[in-house]
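Under my numbering, think of the first position of the sequence shown as 6, with each following residue one higher.
Note that the Cβ used here is the ideal one computed from N, Cα and C, for glycine as well.
Note sheet for the following structure.
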Amino acid sequence: MEHGNWLTGSLVYLAAAVLAVPLAKALGLGSIIGYLAAGIVIGPWGLKLVSDPQDMLHFAEFGVVLMLFLVGLELEPRRLWALRRPIFGWGSVQLAGSAALMTAVGVACGVDWRIALVAALGLAMSSTAIGLGVLAERNLMATSSGQGVLSVMLLQDVAAIPILAFVPLLAGAGAAHEGGGWWGAAKAAAVIAIIVLGGRLLLRPALRWIARSRTPEIFTAASLLLVVATAALMQSVGLSMALGAFLAGVLLAESEYRRELETDIEPFKGLLLGLFFIAVGMSIDFAVVLAQPLLVAAIVAGFLLVKAAVLWGMGRAMPIPARERPPFLILLAQGGEFGFVVFQSAATAGVIDAPTSSLLVAAVALSMLLTPLLLLASDRIRARRHARQDRAAPYDEIGDRIDDGHAPPVIIAGFGRYGQIVGRLLHASGFSATVLEHDAEQVEAVRRFGWQVYYGDATRLDLLRSAGADSARLFVLAIDDVEQSVAVARLVREHFPRLGIVARARNVSHYYQLRNLGVEAVERETLDSALMSGRSALELLGLERHQARTLALRFRRHNLELVEQMRPHTGDEAQLIAIAKQGRQQLEEQFAREREEARQHRRSS
C-alpha cells in the first residue's frame with residue numbers, strides 16, 4: 006500500500022477495526038484485543054497491507070492526548086490537589102522501585118549497568134492508553150483502584166521529561182543535548198504557567214464567545230483547537246503532550262462547557278485510540294520474537310513479575326480493597342508506549358544497539374497485548390471464586406467509590422425561569438442535579454448565583470450519556486422550545502426507558518405531544534399561576550379564602566380530566582369543540598348547584 010494513498014489507508018484501517026472489534030467483543034475479549042489483533046493481521050507480519058506502522062503510531066498517539074484531556078475534565082482542581090500525595094508519593098514508589106529492582110536483576114544477569122538502567126527506565130513505564138481505556142470500558146475510573154492507576158500514570162508522564170534528558174548522559178552526550186539544563190527547565194516552567202494562567206483568564210471567555218455563535222461545528226472545532234494548541238505548546242519545549250492536555254482539562258473541569266467539551270472530543274478520542282492500538286499491533290516485530298523466543302519470553306515474564314511484586318506491596322499499603330487489586334496490578338505491570346520513545350532515544354544516543362532496542366520494543370508490545378488477556382483470566386478466576394456474581398460484569402459491585410465519581414440522581418434540561426424553580430426546590434430538599442442549558446448567556450448569568458450549570462444541547466444522545474442519564478433516577482424536562490422539548494422526550498424515552506420524566510408543557514398541544522410519548526408527569530406552565538390569579542380575583546370579589554381555594558382546586562381537577570378526555574381526539578376539531586363545550590357546561594352547572602346549596606345552608610342557619 007502506498008503511503009500517499011490516504012483513501013486506501015483509511016479503507017484498510019477502518020475495515021480492520023469494523024471487522025475485528027465486534028468479533029472480539031462477541032467472543033468476550035474486549036475491544037482493545039480486537040484493535041491489537043487487527044493491527045497484527047494487516048501489519049508487516051500479517052497480510053502486509055501496511056509496511057511501515059511507525060507513521061501511523063506517531064499520528065495515533067494523539068488519541069492518548071485527547072484521552073488525558075477528558076480525564077482532566079473529570080478532575081476538578083481541588084480533587085487533583087487531593088491526589089497530590091498518591092501522584093508524587095505512590096507514583097514515585099512504583100517508578101523508582103520498579104526501575105531499581107529491574108536494574109539490579111539485569112546487572113546480576115551480567116548486563117552492563119547502563120543498558121540495564123535504560124531498559125529498566127523504559128520498562129518501568131505503563132501504557133496510559135490501555136490503562137485508562139480499560140478503566141473507562143469497565144467503569145472503574147471512580148474506584149480506589151482506578152484513582153491509584155491514574156495517579157501512577159500521571160507521575161510517569163511528569164517523569165518522562167527528566168528520563169529523556171538523562172538517557173543521553175549515559176553515553177556522554179549530555180553536552181550536545183539541546184534544550185537541556187536550566188534554560189530548558191525555564192522554558193518548560195514558562196509554558197506550564199502560560200497554560201495555567203491562560204486557562205484561568207482566557208479559555209472560558211473565549212468559549213463563551215464561540216458558544217454565542219450557536220454554531221455546533223465551530224464549537225467542536227474550537228474544542229479540538231484547544232487540545233491541539235496545548236499539546237503543541239508542550240511539545241515545543243520537549244514536554245509531554247498528554248500532560249499539557251491533562252492540565253488544560255483540569256482547568257476547564259469546573260467550567261460550564263465541560264459537558265459539551267466531553268461530548269465533542271469523545272468520538273475523536275475513541276477513533277484515534279483505536280488507531281493507536283492497531284499501530285501497536287502492527288509494530289510487534291515477530292522476526293525478533295521468532296529469532297530469540299525464549300529470551301523475549303524471559304524479558305516479558307521477568308519485568309512483569311518484578312513490577313507486579315512492587316505493585317502488590319503498594320496495593321496492600323494503599324487504601325485499595327482486595328477485590329480491586331487485580332486490575333490495579335495488571336494495568337500498571339505492563340509496558341507502555343513511552344518505552345518505545347526511551348529505547349529509540351537510547352539507540353540514537355548509542356547507549357544500546359539497534360538489536361537490543363528491537364528486542365525491548367517487542368517485549369513491551371507483547372506485554373501490552375497480554376494485558377487484556379491477563380485481565381480476562383483474572384475475571385474468570387474471580388468469577389469462579391464468587392459464583393454468585395455475574396460473569397459478564399465481575400467488577401460491577403465495587404465498593405469504596407469516590408463520591409465525586411457518582412452522577413447526581415437528577416438531570417434538569419433547561420434552566421430558565423421554570424427550571425430554576427424546580428432546581429431550587431430539589432436542592433433545598435437535599436437532591437443534587439446535573440443542569441444542562443443551551444443558552445450561553447443564561448448559563449453565565451445563572452452561574453453567578455452559584456449554580457453548577459453546564460452548556461450543552463440536550464437533544465444530543467452522547468451529551469445525555471455524558472451527563473449520567475444511564476444511572477440517573479429522574480429527568481426534569483424544562484426546555485421552553487416545544488420542538489426541542491418533544492425531541493428530548495422522545496430521545497430519553499427511546500434510550501433511557503427506566504428514567505422517570507417530569508416535563509413542562511407550554512400549552513395543551515405541547516401537553517398532548519408529551520403525553521403521547523408516554524410522559525406521565527406533565528405540567529402546563531401557566532395553569533397553576535393562572536389559577537392562583539383566579540383565586541386572588543375571587544377573594545377580592547368577596548369570597549372567603551377557603552372557598553376561593555376550593556373552587557380553584559376543583560377547576561384544576563376538572564380541567565385536567567377534560568384535557569385527558571380530549572387527547573384521543575386531537576385531530577378532530579369538531580369533536581374537540583363539542584367536548585370542550587360540554588365540559589364547560591358541566592363545570593358551570595356544578596358550580597351553580599354548589600352556590601345554591603351554600604345559599605340554602607346560610608338561610609337555614
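> Taking C-beta to C-beta, are valine 55 and methionine 287 nearer than 7 Å?
Replying inline: In contact: valine 55 and methionine 287 (Cβ atoms closer than 7 Å).
> Is there contact between the segment 140–158 and the segment 356–365, where contact requires at least three CB pairs shorter than 8 Å?
Replying inline: no
> Of all Cβ atoms in chain C, is any one closer than 7 Å to the Cβ of phenylalanine 74?
Replying inline: Among the protein chains of the structure shown there is no chain C, as only one such chain exists.
> Does the beta-carbon distance from glycine 127 to glycine 307 come in below 7 Å?
Replying inline: no
> Rounded C-beta distance between valine 568 and valine 507? I'm assuming under 8 Å.
Replying inline: About 17 Å separates the two Cβ atoms, so there is no contact after all.
>> What would DSSP say about isoleucine 417, mapped onto helix, strand or coil?
In response: strand
> With burial defined as no fewer than 16 other Cβ atoms inside 10 Å of the residue's Cβ, what is the status of threonine 13: buried or exposed?
Replying inline: exposed
> For alanine 125, which residues of its own chain have a beta-carbon under 6 Å away from its beta-carbon, when the five flanking residues on both sides are left out?
Replying inline: Counting only Cβ-Cβ distances below 6 Å, and skipping sequence neighbours, we find Ala104, Met107 and Thr108.
> Roughly how many angstroms lie between the CA atoms of alanine 398 and arginine 143, to the nearest whole one?
Replying inline: Low per-residue confidence applies at alanine 398: pLDDT is 37, beneath 50, and the placement is therefore not dependable, though the value from the model is reported in the following sentence. Alanine 398 and arginine 143: Cα-Cα distance of roughly 8 Å.
> So, are the CB atoms of valine 70 and alanine 236 less than 7 Å apart?
Replying inline: Going by C-beta atoms, valine 70 is nearer than 7 Å to alanine 236.
>> Between which two residues does the alpha helix (DSSP H) holding leucine 295 run?
In response: 291–296 is the span of the alpha helix (DSSP H), which, as asked, contains leucine 295.
> What is the C-beta distance between isoleucine 484 and valine 493, in whole angstroms, given that I count them as a contact (C-beta under 8 Å)?
Replying inline: 6 Å
> Taking the alpha-carbon positions, what's the phenylalanine 363 to leucine 145 distance?
Replying inline: Residue identity differs from the one stated: residue 363 is serine in this sequence, not phenylalanine. Rounded to whole angstroms, serine 363 to leucine 145 spans 34 Å at the Cα level.
>> If you measure between the beta carbons of valine 311 and alanine 367, is that distance less than 7 Å?
In response: no
> Is the segment 289–304 in contact with the segment 261–281, if contact means three or more CB pairs nearer than 8 Å?
Replying inline: no
> Count the other CB atoms within 10 Å of the CB of proline 91; is the residue buried (16 or more) or exposed (fewer)?
Replying inline: buried
>> Quick check: the segment 245–254 against the segment 15–27, are at least 3 beta-carbon pairs closer than 8 Å?
In response: no
> How would you label glutamate 183, buried or exposed, when you count the other beta carbons within 10 angstroms and need 16 or more for buried?
Replying inline: The predicted model places glutamate 183 with a pLDDT of 45, which falls under 50 and marks its position as unreliable; any figure quoted below should be read in that light. Under this definition glutamate 183 is an exposed residue.
> Between serine 437 and valine 172, which are expected to be in contact by the criterion C-beta below 8 Å, what is the C-beta distance as a whole number of angstroms?
Replying inline: So it is not a contact: roughly 49 Å between Cβ atoms.
> Closest by CA to leucine 375, which one among Gly111, Lys30, Leu41 and Ser15?
Replying inline: Leu41
> Any idea which residues DSSP pairs glutamate 442 with across the strands?
Replying inline: Tyr460
>> Excluding the 5 residues flanking tryptophan 118 on each side, which residues of the same chain have their C-beta closer than 6 Å to its C-beta?
In response: Val112
> At which residue ranges does the segment 551–601 contain complete beta strand (DSSP E) runs of 3 or more residues, listed in the order of the chain?
Replying inline: The DSSP assignment places no complete beta strand (DSSP E) segment of no fewer than 3 residues inside the segment 551–601.
>> Using CA atoms only, rank isn't needed, just tell me which of His500, Pro502, Glu488 and Pro210 is closest to arginine 509.
In response: Glu488
>> With H, G and I counted as helix, E and B as strand and the rest as coil, what does DSSP make of alanine 510?
In response: It is a strand residue.
>> Suppose contacts are defined by Cβ-Cβ distances below 7 Å. Is glutamate 222 in contact with glycine 461 by that definition?
In response: no
> Are isoleucine 37 and phenylalanine 420 close, meaning C-beta to C-beta below 7 Å?
Replying inline: no
> Nearest to aspartate 384 by CA position, among Leu248, His432, Gly340 and Ile335, is which residue?
Replying inline: Ile335
>> Going residue by residue through the segment 240–276, where are the continuous alpha helix (DSSP H) segments of at least 4 residues, counting only ones entirely within it?
In response: 246–256
>> Less than 6 Å between C-beta atoms, sequence neighbours within five positions excluded: which residues of the same chain meet that for aspartate 467?
In response: Thr268
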